[in-house]
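Position one of the sequence shown corresponds to residue 74 (our numbering), numbered consecutively onward.
Taking it in order: structure first as structure tokens, then the write-up.
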Amino acid sequence: MQAKVLSVYDEGATEDTQLIGAKGLSVLLEVDGQRTLFDTGLRGRYLLNNMEQLDIDPASLDRVVLSHGHRDHTGGLNALLSARDEPLDVFLPQGCLRAAGGRLSGLLDRGMPRIAERNLAKSRVREVSEWIGLSESLSLSSPVPGDVTEMVMVLRSAQGPVVICGCCHAGVEVVLSHVKAHSGSNPRALIGGTHLRKAGKERVAELSGALDREFGSPALYVNHCTGMGGIMKLRTNLGLSAVRDFYAGTGLEFEV
Numbered sequence: 074m075q076a077k078v079l080s081v082y083d084e085g086a087t088e089d090t091q092l093i094g095a096k097g098l099s100v101l102l103e104v105d106g107q108r109t110l111f112d113t114g115l116r117g118r119y120l121l122n123n124m125e126q127l128d129i130d131p132a133s134l135d136r137v138v139l140s141h142g143h144r145d146h147t148g149g150l151n152a153l154l155s156a157r158d159e160p161l162d163v164f165l166p167q168g169c170l171r172a173a174g175g176r177l178s179g180l181l182d183r184g185m186p187r188i189a190e191r192n193l194a195k196s197r198v199r200e201v202s203e204w205i206g207l208s209e210s211l212s213l214s215s216p217v218p219g220d221v222t223e224m225v226m227v228l229r230s231a232q233g234p235v236v237i238c239g240c241c242h243a244g245v246e247v248v249l250s251h252v253k254a255h256s257g258s259n260p261r262a263l264i265g266g267t268h269l270r271k272a273g274k275e276r277v278a279e280l281s282g283a284l285d286r287e288f289g290s291p292a293l294y295v296n297h298c299t300g301m302g303g304i305m306k307l308r309t310n311l312g313l314s315a316v317r318d319f320y321a322g323t324g325l326e327f328e329v
């Protein structure tokens with residue numbers, strides 16, 4: 074069986090399409106007969122445009138996962154909820170959400186917009202404090218140790234864990250160690266943002282060495298906060314074939 078991973082929202086977009094490239098990240102994962110949207114980008118109208126262009130009906134989603142509380146990952150949530158008739162499970166790491174007035178306000182860290190009053194009945198907020206399974210092949214991590222409360226989504230592929238991340242604020246090595254400690258095996262691939270936009274050559278060289286020594290050289294499909302500078306530095310160290318762009322409209326498949 075094949076799992077499909079599709080970039081829905083990113084600073085870059087594939088050529089000759091009506092997809093909008095803008096700050097933020099959103100990834101669709103289809104596996105086990107279910108659709109999971111990981112993060113929602115910054116702008117709701119851009120998210121909905123890209124979903125329409127990619128033939129993703131908001132009503133077809135089984136759940137949305139918010140990796141952390143920064144607005145460029147959560148800003149499209151209200152637009153997504155408004156585009157649906159049925160309630161949607163919203164998974165987020167425990168500690169992001171605060172109570173207000175006896176109900177969940179929807180305020181995450183320093184960037185999550187309040188869930189609009191009209192959408193409260195359309196959202197079933199589920200805080201994640203430990204590893205949980207979403208389906209036979211898909212799981213959410215416990216919050217990754219670090220200053221930013223962030224979690225990742227992990228696909229169990231035939232060749233090893235595939236890690237879908239928002240920003241890797243704690244560092245790529247910390248994120249992969251968190252996954253490896255739980256799964257007992259090296260990650261097959263890392264997909265998403267890596268927070269390397271402003272990283273120097275020494276930092277990227279250090280990471281590149283660790284990927285080889287400690288994690289079995291996973292394939293990298295990177296975008297968002299990796300930045301073009303980070304991508305080019307990674308390619309200098311690891312080679313073009315090991316580091317791929319993951320612009321909006323880019324799709325991947327993994328055997329599960």
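Where a beta carbon is used, it is the ideal one built from N, C-alpha and C, also for glycine.
How big is the Cα-Cα spacing for residue i and residue j?
| i | j | result |
| --- | --- | --- |
| Gln167 | Ile237 | 18 Å |
| Val295 | Asp158 | 33 Å |
| Met224 | Gln91 | 31 Å |
| Leu139 | Cys169 | 10 Å |
| Ser281 | Leu165 | 30 Å |
| Thr222 | Ala243 | 9 Å |
| Met163 | Arg229 | Checking the sequence shown, residue 163 turns out to be Val, not Met. If you take the alpha carbons of Val163 and Arg229, they lie about 21 Å apart. |
| Arg187 | Leu153 | 14 Å |
| Gly174 | Leu110 | Only weak support exists for where Gly174 lies, its pLDDT of 32 falling under 50; the value from the coordinates is given anyway. Cα-Cα distance, rounded: 29 Å. |
| Ala321 | Met226 | 18 Å |
| Ser196 | Leu134 | 13 Å |
| Ala283 | Val277 | 10 Å |
| Ala341 | Leu161 | The structure shown does not extend to residue 341, since the chain is modelled only from 74 to 329, so the question has no answer here. |
| Leu127 | Thr323 | 10 Å |
| Ser256 | Gly239 | 20 Å |
| Asp112 | Ser202 | 18 Å |
| Gly265 | Phe319 | 7 Å |
| Leu269 | Cys298 | 6 Å |
| Met305 | Gly142 | 28 Å |
| Glu33 | Thr87 | With the chain covering 74 to 329 only, the question about residue 33 has no answer from this structure. |
| Met301 | Leu121 | 25 Å |
| Asp73 | Met124 | Because the chain here runs from 74 to 329, residue 73 falls outside it and cannot be looked at. |
| Asp285 | Glu84 | 28 Å |
| Ser331 | Glu275 | Outside the shown range of the chain (74 to 329) lies residue 331, about which nothing can therefore be said. |
Along the alpha helix (DSSP H) that carries residue i, what are the first and last residues, could you check?
| i | result |
| --- | --- |
| Phe288 | Lys274 to Phe288 |
| Glu246 | Val245 to Ser256 |
Considering residue i, what are the terminal residues of the beta strand (DSSP E) in which it resides?
| i | result |
| --- | --- |
| Ile237 | Gly233 to Cys238 |
| Glu328 | Gly324 to Glu328 |
| Ser230 | Met226 to Ser230 |
| Gly266 | Ala262 to Gly266 |
| Ser335 | Residue 335 lies beyond the stretch modelled for the chain, which goes from 74 to 329, so this question has no answer here. |
In chain order, what residues of the same chain have a beta carbon less than 6 Å from the beta carbon of residue i, not counting five sequence neighbours either side?
| i | result |
| --- | --- |
| Leu263 | Val236, Pro291 and Leu293 |
| Gly206 | Ser212 |
| Gly97 | Tyr82, Gly114, Leu115 and Asp145 |
| Leu215 | As written in the sequence, residue 215 is Ser, which differs from the Leu given in the question. Counting only Cβ-Cβ distances below 6 Å, and skipping sequence neighbours, we find Glu203 and Trp204. |
| Leu311 | Ser281 |
I need the DSSP call for residue i, collapsed to helix, strand or coil.
| i | result |
| --- | --- |
| Gly300 | helix |
| Glu203 | coil |
| Lys77 | strand |
| Arg317 | strand |
| His189 | Checking the sequence, you will find Ala at residue 189 rather than His. Ala189: coil per DSSP, three-state reduction. |
| Leu177 | The pLDDT assigned to Leu177 is 41, lower than 50, so where the model puts this residue is not dependable, and the model offers no usable value. |
| Ala172 | The predicted model places Ala172 with a pLDDT of 36, which falls under 50 and marks its position as unreliable; any figure quoted below should be read in that light. DSSP places Ala172 in strand when its eight states are reduced to three. |
| Leu293 | strand |
| Leu197 | Reading off the sequence, residue 197 comes out as Arg, not Leu. In the structure shown, Arg197 sits in a strand (DSSP, three-state: E or B). |
Report all residues from its chain with a CB closer than 7 Å to the CB of residue i; omit the five preceding and five following residues, and keep chain order.
| i | result |
| --- | --- |
| Gly219 | His242, Ala243 and Val247 |
| Ala231 | Glu328 and Val329 |
| Ser210 | Ala76, Val104, Asp105, Leu228, Arg229 and Val329 |
| Tyr119 | Tyr82, Ile93 and Ala95 |
| Leu101 | Leu79, Val81, Arg108, Leu110 and Ile129 |
Leaving aside the five residues before and after residue i along the sequence, list all residues of the same chain whose C-beta is less than 8 Å from its C-beta, in chain order.
| i | result |
| --- | --- |
| Asn151 | Gly117, Pro186, Ile188, Ala189 and Asn192 |
(message) My parser needs the alpha helix (DSSP H) runs of 4 or more residues fully inside the segment 83 to 164; what are they?
(response) 117 to 126, 144 to 147 and 150 to 155
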